[in-house]
Amino acid sequence: MGSPTSANERPEWLVLGLGNPGEEYAGTRHNVGFEVVDLLAERHGIEIDRRLPSLLYGSGTIEGVAVILGKPRTFMNLSGAAAKEALRHFHLLPERLLVVLDDLALPLGVVRVRKKGSDGGHKGLRSVIAATGTTEVPRVRVGIGQPRRGDAVDYVLSPFTRSEWPAVAEGLERAADAVEVVVTQGIEAAMNRFNAMPPP
53 MGSPTSANER
63 PEWLVLGLGN
73 PGEEYAGTRH
83 NVGFEVVDLL
93 AERHGIEIDR
103 RLPSLLYGSG
113 TIEGVAVILG
123 KPRTFMNLSG
133 AAAKEALRHF
143 HLLPERLLVV
153 LDDLALPLGV
163 VRVRKKGSDG
173 GHKGLRSVIA
183 ATGTTEVPRV
193 RVGIGQPRRG
203 DAVDYVLSPF
213 TRSEWPAVAE
223 GLERAADAVE
233 VVVTQGIEAA
243 MNRFNAMPPP
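Count along the sequence shown starting at 1, add 52, and that's the number in our numbering.
Below, the structure is given as structure tokens:
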């Protein structure tokens, strides 16, 4: 179980789950980043009950590693404000920011870990990259599948169907596992373990 970090203990990682705040967005495809952060908080006994102007967060440890678990208080396309404020507040470099986000290009529940790269068309990640000034931001991507028809915006803001939930639940667990491996063993170990996994 995690424990709160002391006032003078600098975190080693900021884990930032992307999503949209508000009850109307809870459980939607675009909010899987929030879901993973909530799962990690539950696993490690971390209360996400502290606030910065653009961030809701909690501090604690994952297997002895001091971490911040955060969720932006802004809408998705302004996520960079939370990332920038949190990095400054906790005196961390962008390479210690681990972003957890949804990915339309991945099959449902598939998890992929990357050390750096482009935003891949994700507006939340685009905002984070713009705010931090670098593409060298580690990320854990969770597949939400693609719409069979219709608009991608409507799709990402829609809830998962009942038949999709088994794969989604497995994907959330895998993503939380991947975050744990990144912060305790390093990004390369997580890439080696999770990037070859088949769909759930």
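Backbone N, C-alpha and C define an ideal beta-carbon position, used for all residues, glycine too. Just so you know, these numbers come straight off a predicted model, no measurement behind them.
>> With a threshold of 8 Å on Cβ separation, who are the neighbours of T184 within its own chain once the five nearest residues in sequence on each side are excluded?
In response: Translated into the one-based positions of the sequence shown, residue 184 becomes position 132. Answer for T184: G132, A135, K136, L139, P146, L149, listed in chain order.
> Residues in its own chain within less than 6 Å of G85 by CB, not counting five upstream and five downstream?
Replying inline: The residue you call residue 85 lines up with position 33 of the sequence shown. Correct list, in chain order: G69, L70, G71, V152, L153.
>> With three or more beta-carbon pairs closer than 8 Å as the criterion, would you say the segment 167-179 touches the segment 218-226?
In response: no
> By Cβ distance below 7 Å, which residues in the same chain neighbour R95 in space, the five residues on each side in sequence not counted?
Replying inline: As a working mapping, residue 95 is identified with position 43 in the sequence shown. Around R95, the same chain offers A228 as residues with beta carbons nearer than 7 Å, after the five sequence neighbours per side are excluded.
> Can you name, in chain order, every residue of its own chain whose Cβ lies under 8 Å from the Cβ of P251, other than the five neighbours on each side?
Replying inline: Locating residue 251 in the sequence shown gives position 199, counting from the first residue. If we look at P251 and ignore the five residues flanking it on each side, its Cβ neighbours are P159, L160, G161, V162, G195, A219.
> In terms of residue numbering, what span does the alpha helix (DSSP H) encompassing I239 cover?
Replying inline: As a working mapping, residue 239 is identified with position 187 in the sequence shown. Per DSSP, I239 belongs to the alpha helix (DSSP H) from 239-246.
>> Please return the same chain residues whose Cβ sits closer than 6 Å to the Cβ of M249, not counting the five positions on each side in sequence.
In response: Taking the first residue of the sequence shown as 1, we reach residue 249 at position 197. Same-chain partners within the cutoff: there are none.
> Between N83, A78, G79, L66, which lies nearest to R193 when the distance is taken from Cα to Cα?
Replying inline: Reading the sequence shown from its first residue, position 141 is the one you call residue 193. Residue N83 is the option with its Cα nearest to R193.
>> Checking 9 Å against the spacing of the C-beta atoms, do L224 and E76 come in under that value?
In response: In the sequence shown, counting from the first residue as 1, residue 224 sits at position 172. In the sequence shown, counting from the first residue as 1, residue 76 sits at position 24. Not closer than 9 Å, so no.
> Which class does I181 belong to by DSSP, given the choice of helix, strand or coil?
Replying inline: Counted from its first residue, the sequence shown places residue 181 at position 129. Correct three-state label for I181: helix.
>> Taking 6 Å as the limit between beta carbons, can you name the residues of its chain near Q237, skipping five residues before and five after?
In response: The residue labelled residue 237 in the question sits at position 185 within the sequence shown. Correct list: empty, nothing qualifies.
> Where do the N-terminal and C-terminal ends of the alpha helix (DSSP H) with Y109 fall, by residue?
Replying inline: Mapped onto the sequence shown, residue 109 falls at position 57. Not the alpha helix (DSSP H): Y109 falls in the beta strand (DSSP E), residues 107-114.
> Would V205 be called buried (16 or more neighbouring beta carbons within 10 Å of its own) or exposed?
Replying inline: Here residue 205 corresponds to residue number 153 of the sequence shown, with the count starting at 1. Result: exposed.
> P56 to L91, Cα distance in whole Å?
Replying inline: Here residue 56 refers to the residue found at position 4 of the sequence shown. Here residue 91 refers to the residue found at position 39 of the sequence shown. A caution first: P56 carries a pLDDT of 47, below 50, which makes its placement in the model too unreliable to give a value.
> Per DSSP, which one or two residues make a beta bridge with G69?
Replying inline: Locating residue 69 in the sequence shown gives position 17, where the first residue counts as 1. DSSP lists V152 as partners of G69.
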